[in-house]
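For what it's worth, this note's numbering labels the leading residue of the sequence shown as 4, then goes sequentially.
We put the beta carbon where it would ideally sit given N, CA and C, even for glycine.
Just so you know, these numbers come straight off a predicted model, no measurement behind them.
Written below as structure tokens is the structure these notes are about.
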Amino acid sequence: MALFNAPVLGIPTCISSGAAHVCSLAESSFGQWRALAAYHALVEPHQVDIDIDVVDMQVPSAAPLDVSPVIYRRVGATRLEFAGPSVSGWADAAAGAARIRVGPELLAATESFRYLVLEAAVLFLLTGPNRFPVHASAIVKDGDALLLAGPSGVGKSTLAWLATGAGWEVLSDDIAYVQRDPRWRVWAGGSARSYFAAGAERHIPALAGHAPQLRANGEAKRSLGRTLPMPPVTERAAVCLLERGTEPRVAPVSEAEALALLLAAPEPGFDVFPDAAAALLRPLAARAVRLTLGPDPAAAIPLVEEIRTSFFS
């Protein structure tokens with residue numbers, strides 16, 4: 004039996020499987036979180052347990068898996084069921100456990116298995132009203148975090164990566180998690196990779212030679228690995244609402260408008276926590292600005308520094 008253990012998002016997470024490849028993929032997705040164990044005050048006492056069994060699901064060889072080989076069924080606020088030609092099982096957040104069976108053909112489709120089964124089960128158990136997802140990149144410097152929120156394709160990941168040249172660290176590429184109890188905090192996203200849409204290579208030379216890869220969600224993106232900041236959490240955060248324009252500039256935004264924008268498109272499945280979401284996101288909305296990006300996103304980095312100073316100095 005192969006085992007993986009790490010305090011992902013501050014919650015001890017144990018993944019077990021008879022297939023070593025399952026835990027190898029867990030290591031590549033979440034292994035950097037193991038370093039958080041040294042920060043005892045940030046690790047919660049309860050553990051979640053995930054068992055993934057690889058068995059012959061008797062999938063007909065003439066019937067290849069379709070683009071979305073996993074179908075999810077939400078049962079109340081705490082249970083998620085997995086179904087498909089090569090998967091069956093459940094994850095129950097109230098019980099802190101998941102039991103899933105997958106066929107070897109789905110495990111062999113590495114990125115589909117990782118994204119649609121492994122990471123989906125882990126993040127379902129760990130998140131909820133006390134680890135609420137915000138669709139944003141996040142950068143941090145000396146404990147001061149800026150969440151870069153905006154629609155897909157606006158340049159969140161590119162701006163976050165470019166900010167590392169000015170001494171920032173990437174806390175989250177696409178989703179950050181807001182904690183309510185016992186203290187209000189913003190956690191890094193679960194994975195330590197950044198994904199970039201077509202065109203980002205014009206601004207990030209490190210992407211040269213990295214071919215776009217089709218992700219399990221159907222998007223073709225280039226990616227770069229990065230180091231997770233330690234500790235990957237902060238209690239000081241503000242939000243920049245990104246938009247495209249002809250030149251970089253900063254404009255004020257009211258708390259009510261910022262909160263409405265942050266609540267407008269919750270991550271799938273998290274619309275079951277509307278009251279908790281408003282309370283969790285209000286501290287972010289109280290520290291919000293609009294940040295317009297021009298044709299060269301690097302030109303906005305000095306404004307990022309000014310925003311940090313205005314909120315945290």
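- When DSSP assignments are scanned along the segment 128–213, the uninterrupted stretches of beta strand (DSSP E) that are 3 or more residues long and fall wholly within it turn out to be 135–144, 147–152, 172–175, 178–182, 188–190, 196–199.
- Proximity of the segment 130–140 to the segment 100–111 falls short of the contact definition, fewer than three beta-carbon pairs being nearer than 8 Å.
- A distance below 7 Å between beta-carbons, with the five flanking residues on each side excluded, links D184 to the following residues of its chain, in chain order: N133.
- Between D145 and S160, the CB-CB gap reaches or exceeds 7 Å.
- For A9, there is no enclosing alpha helix (DSSP H); the residue is found in the beta strand (DSSP E) stretching over 5–11.
- With a minimum length of 3 residues, the unbroken runs of beta strand (DSSP E) contained wholly in the segment 18–91 fall at 51–57, 74–78, 82–87.
- Here the alpha carbons of G297 and R76 stand approximately 41 Å from one another.
- Within a 10 Å sphere around the beta-carbon of S257 sit fewer than 16 other beta-carbons, which makes this residue exposed.
- P15 carries a strand assignment under DSSP once its states are collapsed to helix, strand and coil.
- For V307, the uninterrupted alpha helix (DSSP H) run begins and ends at 304–315, by DSSP.
- If you compare the alpha carbons of A123, A41, A291 with that of A261, the shortest gap goes to A291.
- The Cβ-Cβ distance between V242 and L287 falls below 7 Å.
- Here A123 carries a helix assignment [DSSP, helix/strand/coil].
- A residue is called buried when at least 16 other Cβ atoms come within 10 angstroms of its Cβ; L6 does not meet this threshold and is exposed.
- Closest in C-alpha terms to A148, from the list P154, A139, V25, comes A139.
- Judged by DSSP in its simplified three-state form, T230 adopts coil rather than helix or strand.
- For P255, the uninterrupted beta strand (DSSP E) segment begins and ends at 252–255.
- In this model, V78 and D54 are separated by some 20 Å (Cα to Cα).
- Partner residues in the beta bridge of L294, as assigned by DSSP, are L245, V253.
- Contact check for T113 against A96 fails: the beta carbons are separated by 7 Å or more.
- Under the Cβ criterion (8 Å, minimum of three pairs), the segment 20–40 counts as touching the segment 228–235.
- A direct Cα-to-Cα measurement between V181 and G158 gives close to 22 Å.
- Rounded to whole angstroms, the separation of the alpha carbons of D56 and A240 is 40 Å.
- Between R225 and H206, the C-beta gap is not smaller than 7 Å, which leaves the two residues out of contact.
- Taken through DSSP and simplified to helix, strand or coil, A101 comes out as strand.
- In the DSSP assignment, the residues bridged to A94 are L83, A101.
- Between V253 and L210, the gap from beta carbon to beta carbon reaches 7 Å or more.
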